[in-house]
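Student:
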Amino acid sequence: MSQPAHGNGLEIEGLTARVGEFTLRHAALSVRPGRTLALVGPSGAGKTVLLEMIAGFRAPDAGRIRLDGIDLAGKPPEDREIGFVFQDYALFPHLTVLENVRFGLRARGIADGGAARGALSQLGIEHLAQRRPGTLSGGERQRVAVARVLAASPRLLLLDEPLSAVDAPTRDDLREELRTVLSGSGVPAIYVTHDQAEALAIADDLAVLIGGALRQSGPAMDVFTKPVDATVARFLGMEMMADAGRAGSDRARVGGAVLVLGGPLPDTAFVLCYRPEDVELAPPGGPCAVNAFDLRVTRITPAGPCDRLTMDGVLRLTAIMLRRTRIALRLEVDSAVRATVPPSALHAIAE
Amino acid sequence: MAGALTAARGRAPSAAPRVLFLATLWCLGGLLVAFIMLPLVRLTLATSPGELVDAGQRSDVRAAIRLSLQDAAVTAVVAAFLGVPLAFILSRSVFPGQRFVEAIVDLPLAVPHSVVGIALLFVFGRRGWIGAPADHIGISFFGTQWGIVAGMLFVSAPFMVGSVRVALDAIDPRIERAARSLGATRAYAFRRVTLPLAARGIMTGLVLTYARSISEFGAIVILAYYPMTAPVKAYDLYLQNGLDASAAVSVLLLIVTLSTFVVFRALASGQVRPLALR
Chain D
1 MSQPAHGNGL EIEGLTARVG EFTLRHAALS VRPGRTLALV GPSGAGKTVL LEMIAGFRAP
61 DAGRIRLDGI DLAGKPPEDR EIGFVFQDYA LFPHLTVLEN VRFGLRARGI ADGGAARGAL
121 SQLGIEHLAQ RRPGTLSGGE RQRVAVARVL AASPRLLLLD EPLSAVDAPT RDDLREELRT
181 VLSGSGVPAI YVTHDQAEAL AIADDLAVLI GGALRQSGPA MDVFTKPVDA TVARFLGMEM
241 MADAGRAGSD RARVGGAVLV LGGPLPDTAF VLCYRPEDVE LAPPGGPCAV NAFDLRVTRI
301 TPAGPCDRLT MDGVLRLTAI MLRRTRIALR LEVDSAVRAT VPPSALHAIA E
Chain U
1001 MAGALTAARG RAPSAAPRVL FLATLWCLGG LLVAFIMLPL VRLTLATSPG ELVDAGQRSD
1061 VRAAIRLSLQ DAAVTAVVAA FLGVPLAFIL SRSVFPGQRF VEAIVDLPLA VPHSVVGIAL
1121 LFVFGRRGWI GAPADHIGIS FFGTQWGIVA GMLFVSAPFM VGSVRVALDA IDPRIERAAR
1181 SLGATRAYAF RRVTLPLAAR GIMTGLVLTY ARSISEFGAI VILAYYPMTA PVKAYDLYLQ
1241 NGLDASAAVS VLLLIVTLST FVVFRALASG QVRPLALR
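One line per chain: the protein sequences are D and U, in this order.
Counting in our numbering, the first sequence runs from 1 upward without gaps.
Counting in our numbering, the second sequence runs from 1001 upward without gaps.
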C-alpha cells in the first residue's frame, strides 16, 4: 500500500473554540510523523471537540491547525486527508465490508489497485469482505473501521475511543494489533481515550486535556511519572499527601513524619504526590530505612487483580499490590505493616 | 393449604382491577375498529359479484380508476422529488425561521380540503398567479390532470416530508461525517450514504403520499371536476343515480385502492423486496 510522503506531521497552535457553555482554550500540541499521541482526559474535557476541529467538522474561533506544513483553515473535511475512526465505528450499514473499505478511494475517484484488499489483509479480515457490518462482532467492526481509513492513505489518523465499544477480552488483543498497525503505518495519529492504561500501552506521547485546557503533553512516560500540576497528577492516578510542609531543601514534613525526596523542593508552595504502586510493603520492624514507616492497614479495596491498601499511623499512605502478594504477606485490615516510599517515587509539584 | 389461601387472597385485590383495565382497553379499542369496518362491510354487502363485473366493464369507471392510479403515482414521485431535499434541509440544518417552515409543511393537514380547492383555484385558475402565465404556454390546471396533481400534492406533501424527515433524523450523523472524512463531498455523501440509508423512509413517504392522493376528493372536485378521478366518479354516480347505484363502483374503487396500498406498503416495510436495496 502506498503511503503519502510525510512532512512535519500535525501542529496545533492557540486553538480556541466555544461550544455552548464549554470552551476549549488555547490548545497547542504537535504530533510528529510515525508517532501516536494519546489524548487523555475525563469525559467532557473537550477531547472530541478537539478532534472534530482537526477533522474539519467544526470551525475553531481562533488558532491554527497545520498538517505537513499546510494550514487547514477553511478546508472542508473531504480535502484534509485525515482518517477518522469513530467511537462506534460509523460503518456504512448498507455496504459490504469491501465496499466500506473501498469507499474513500471511490469518493476521490482513485482506482482501487488492490489498496482496499491490502488494507483488509493488513487487519486480517479478508474473509469478511462480502459481509455487511450488521453481521460483524465489535472487534471485527473495529478492524473494518481501521482498514477503511488506512485504505484511503491518510496523512493523519484520529481515533476517538476506538476500543470503548469492545468487550474486555477482545480489547487487549485489539490494543496490541492497533499498536502494530499504527507504528507500522508511519502516519501520525491522535488516539483519544479516558483509560490511562490504554494510553500508555498504545502511545508514544501523552497529552492531558482537562476542563478545556491542555495541561501537559510530552513523551508518555515523562507525563505519566512527572505530572506538571496536581490536577494532572490526580487524573493520572497519583496519590496526594495532604498538608506537606518544608523540612529542608530536599525534605518535607507530612503529619508526624519527615520524608526525603529524590530532588530539591521547589521554592514556591508545593504538593507532594506518589504512585501507590511505588510504595513497598514488608512485615513491620526490620532494619531502619529512608522513608520507611510502621503503619496499620485501615482499609483494603479490591481493584481487579490488585488490592488497594490504605494505611494510617504517623502519616497516611496508599499502596497497590497484587492480591496474591498481599495474601502471602498476610496483610489484612488492622495488620501492622512497614511501608516504604522510595525518595525517587516522591514528587513535589509546585502549586 | 393455609399458605395457598393467603397467597390467593393476597393476589385477589390486584387481579380484578387489572382484568377490568384490560377489558376497558379492549372494549374502547374494539369500538373504533368496528366503527371503521362496519361501513366498509355494509358497502360490500350492498353489491353482488355480478354488479361488480358490470361496473368493471364500464369504460367511464375504468378511465376514472386509471386516472386516479396514474395521478396518485405521479404525485408521489413529484412529492419525493421536492420533499426529500426539504426534509434533508430541515433535518440537517439550523436556520432562522425553521420552526415557521416546519409549521408550513404541516399546514395542509389542518386546512379543510374544500378550502384547499378554492385557494388552489385562486392561484392555479385561468386568472390565477400561476394559472395565468401557465395558460400562456399552454398549461391549464382547471379541469386537467395538472390540476388533479396539484390538488393531490397539496394535501399529501406533509406525509412525504414527515416520513423522510423521521428516516433522516434516525441516521447517525457520524456515518455522514465518516463519509466526508474519507473524501466524499457533501453531494457524494448524500447520494451514496444518506439516500440509501433513508430509502425505507422514502418508500414509506411514497406509499403514504400515494394513499392520501388516491383518496383525495375535496380539493380535486373544486379544481378539476373533470376529468373525473375515481372518488369524483363515485360521488357523481351517487348524485345522479342514488345510493344503491353508486355501491358497485364504490366497492370497485375500494378494492383497487386498497390492493395497491397493501402492495406498496408491503414493499415499503421490506416484507417484499422489489430489488436489492444497496
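For glycine and all other residues, C-beta sits at the position ideal for the given N, C-alpha and C.
Please classify alanine 165(D): does DSSP put it in a helix, a strand, or coil?
Tutor: On the first sequence, position 165 is the one that residue 165(D) refers to. The answer is coil: DSSP assigns alanine 165(D) none of H, G, I, E or B.
Student: Between which residues of its own chain and lysine 75(D) is the CB-CB distance below 7 Å, once the five residues before and five after are set aside?
Tutor: The residue labelled residue 75(D) in the question sits at position 75 within the first sequence. These residues qualify, in order along the chain: Gly56.
Student: Who are the Cβ neighbours of valine 232(D) in its own chain at under 6 Å, not counting the five residues just before and after it?
Tutor: For the purposes of this step, residue 232(D) is identified with residue 232 of the first sequence, where counting begins at 1. Val208, Arg215 and Gln216, listed in sequence order.
Student: Does methionine 1(D) have its Cβ less than 9 Å from a Cβ in chain U?
Tutor: Numbered from 1 along the first sequence, position 1 holds the residue referred to as residue 1(D). Legend: pLDDT at methionine 1(D) = 41, less than 50; position of this residue unreliable, no value from coordinates given.
Student: What residues of chain D sit near alanine 1179(U), judged by a beta carbon separation below 8 Å?
Tutor: For the purposes of this step, residue 1179(U) is identified with residue 179 of the second sequence, where counting begins at 1. Here the neighbours are Phe92, Phe103 and Ala107.
Student: Here's a check: name, in chain order, each residue in its chain whose Cβ is nearer than 6 Å to the Cβ of alanine 189(D), leaving out the five neighbours to either side.
Tutor: On the first sequence, residue 189(D) is found 189 positions in, with the first residue counted as 1. Thr36, Leu157 and Leu182.
Student: Cα-Cα, which of Val85(D), Thr225(D) and Thr268(D) is closest to alanine 147(D)?
Tutor: Position 147 of the first sequence, counted from the start, is the residue given in the question as residue 147(D). Closest by alpha carbon: Val85(D).
Student: Could you check what DSSP says for valine 31(D) in three-state terms: helix, strand or coil?
Tutor: Here residue 31(D) is taken as the residue at index 31 of the first sequence, counted from 1. Correct three-state label for valine 31(D): strand.
Student: Where do the ends of the beta strand (DSSP E) carrying glycine 14(D) lie?
Tutor: Your numbering for residue 14(D) matches position 14 in the first sequence. Residues 10-19.
Student: For the stretch 164-221 of chain D, which segments carrying the beta strand (DSSP E) assignment without a break, of at least 3 residues, lie completely within its bounds, in sequence order?
Tutor: Correct list: 189-193, 205-210 and 213-219.
Student: I'd like to know whether the C-beta of alanine 1008(U) is nearer than 9 Å to at least one C-beta of chain D.
Tutor: Taking the second sequence and counting its residues from 1, one reaches residue 1008(U) at position 8. Because the pLDDT at alanine 1008(U) is just 48, under 50, the model does not fix this residue reliably, and the value given afterwards should be weighed accordingly. It does not; no Cβ of chain D falls within 9 Å.
Student: Looking at C-alpha atoms only, which residue of Phe22(D), Thr340(D) and Glu161(D) is the closest neighbour of threonine 275(D)?
Tutor: Looking up residue 275(D) in the first sequence gives position 275. In the sequence as presented, threonine is not what sits at residue 275(D); that position holds arginine. That would be Thr340(D), whose Cα lies nearest to the Cα of arginine 275(D).
Student: Using a C-beta to C-beta distance shorter than 7 Å, which residues of chain D count as neighbours of threonine 1185(U)?
Tutor: Within the second sequence, numbered from 1, the residue matching residue 1185(U) stands at position 185. The answer, in chain order, is Glu78.
Student: Which residue's Cα is closest to the Cα of phenylalanine 1141(U): Ala1219(U), Asp1236(U) and Leu1090(U)?
Tutor: Counting from 1 along the second sequence, the entry for residue 1141(U) is found at position 141. Nearest option by C-alpha distance: Ala1219(U).
Student: Quick check on DSSP: helix, strand or coil for isoleucine 1255(U)?
Tutor: Stepping through the second sequence from its first residue, residue 1255(U) is reached at position 255. If DSSP states are grouped into helix, strand and coil, isoleucine 1255(U) belongs with the helices.
Student: With three or more beta-carbon pairs closer than 8 Å as the criterion, would you say the stretch 1235-1249 of chain U touches the stretch 1039-1059 of chain U?
Tutor: The answer is yes - the stretch 1039-1059 of chain U touches the stretch 1235-1249 of chain U, with three or more Cβ pairs under 8 Å.
Student: Under a three-way DSSP split, which group does alanine 244(D) fall into?
Tutor: Here residue 244(D) refers to the residue found at position 244 of the first sequence. It is coil, neither helix nor strand.
Student: Assuming contact is defined by CB atoms lying nearer than 9 Å, are leucine 1214(U) and leucine 1120(U) in contact in what I supplied?
Tutor: To locate residue 1214(U), count along the second sequence from 1; it is residue 214. To locate residue 1120(U), count along the second sequence from 1; it is residue 120. Looking at the sequence provided, one finds isoleucine at residue 1214(U) rather than leucine. No, Cβ-Cβ distance for isoleucine 1214(U) and leucine 1120(U) is not below 9 Å.
Student: Any beta carbon of chain U sitting closer than 9 Å to that of glutamine 142(D)?
Tutor: Sequence index remark: in the first sequence, residue 142(D) carries index 142 (1-based). No, glutamine 142(D) does not count as interfacial toward chain U.
Student: List the residues of chain U that glycine 237(D) touches, going by C-beta distances under 8 Å, in chain order.
Tutor: As a working note, residue 237(D) is residue 237 in the first sequence. Residues of chain U passing the Cβ test: none, with the nearest at roughly 30 Å.
Student: For the alpha helix (DSSP H) that alanine 111(D) lies in, which residues bound it at each end?
Tutor: In the first sequence, the residue the question calls residue 111(D) occupies position 111. Per DSSP, alanine 111(D) belongs to no alpha helix (DSSP H) and is neither H nor E.
Student: Within the same chain, show all residues whose beta-carbon is closer than 6 Å to that of arginine 251(D), passing over the 5 residues directly before and after it, in chain order.
Tutor: Stepping through the first sequence from its first residue, residue 251(D) is reached at position 251. Only Val258 and Val260 meet the Cβ criterion.
Student: Using a Cβ-Cβ distance under 9 Å, would alanine 55(D) count as near chain U?
Tutor: Here residue 55(D) is taken as the residue at index 55 of the first sequence, counted from 1. Interface residue, yes.
Student: Grab me the residues of alanine 152(D)'s own chain with a C-beta within less than 7 Å of its C-beta, minus the 5 sequence neighbours each way, in chain order.
Tutor: Taking the first sequence and counting its residues from 1, the one referred to as residue 152(D) is at position 152. Result list for alanine 152(D): Gly83, Gly104 and Leu105, in chain order.
Student: Once DSSP output is grouped into helix, strand and coil, what is the label at alanine 1245(U)?
Tutor: On the second sequence, residue 1245(U) is found 245 positions in, with the first residue counted as 1. In this structure, alanine 1245(U) counts as helix in the three-state DSSP scheme.
Student: What are the boundary residues of the beta strand (DSSP E) that proline 347(D) is part of?
Tutor: Position 347 of the first sequence, counted from the start, is the residue given in the question as residue 347(D). According to the sequence provided, residue 347(D) is histidine. The question's proline does not apply to it. Start and end: 347-350.
Student: At what residues does the alpha helix (DSSP H) containing threonine 48(D) begin and finish?
Tutor: Taking the first residue of the first sequence as 1, we reach residue 48(D) at position 48. Threonine 48(D) -> alpha helix (DSSP H) spans 47-55.
Student: Quickly, what does DSSP pair threonine 318(D) with across the bridge? List them, please.
Tutor: Indexing the first sequence from 1 puts residue 318(D) at position 318. Answer is Thr310(D), bridged to threonine 318(D).
Student: For valine 337(D), is the classification buried or exposed, using 16 other Cβ atoms within 10 angstroms of its Cβ as the cut-off for buried?
Tutor: Locating residue 337(D) in the first sequence gives position 337, counting from the first residue. Buried.
Student: Could you name the residues of the same chain whose beta carbon sits closer than 7 Å to that of alanine 1245(U), not counting the 5 residues immediately before and after it, in chain order?
Tutor: Against the second sequence, residue 1245(U) aligns to sequence position 245. So the qualifying residues of the chain are Leu1237.
Student: Is alanine 244(D) closer than 9 Å to arginine 357(D) when the C-beta atoms are compared?
Tutor: Nothing about residue 357(D) can be read from this structure; chain D reaches only from 1 to 351.
Student: Taking DSSP as the reference, what is the three-state secondary structure of glycine 63(D)?
Tutor: Position 63 of the first sequence holds residue 63(D). In this structure, glycine 63(D) counts as strand in the three-state DSSP scheme.
Student: Nearer than 8 Å: is that true of the beta carbon of arginine 35(D) relative to any heavy atom of the ligand COA?
Tutor: Summarising the ligand content, the structure contains no ligands, and the ligand COA is consequently not present.
Student: Compute the Euclidean distance between the alpha carbons of methionine 53(D) and serine 185(D), then round it to the nearest angstrom.
Tutor: For the purposes of this step, residue 53(D) is taken as residue 53 along the first sequence, with counting starting at 1. For the purposes of this step, residue 185(D) is taken as residue 185 along the first sequence, with counting starting at 1. Cα to Cα, the separation comes out at about 23 Å.
Student: If I measure Cβ to Cβ from proline 33(D) and keep anything under 7 Å in the same chain, skipping five residues before and after, which residues do I get?
Tutor: Within the first sequence, residue 33(D) is the residue found at index 33, counting from 1. His6, Gly9, Gly186 and Pro188, listed in sequence order.
Student: Taking its Cβ as the centre, do 16 or more other Cβ atoms sit within 10 Å of cysteine 273(D), making it buried, or is it exposed?
Tutor: For this step, residue 273(D) is matched to residue 273 along the first sequence. Buried.
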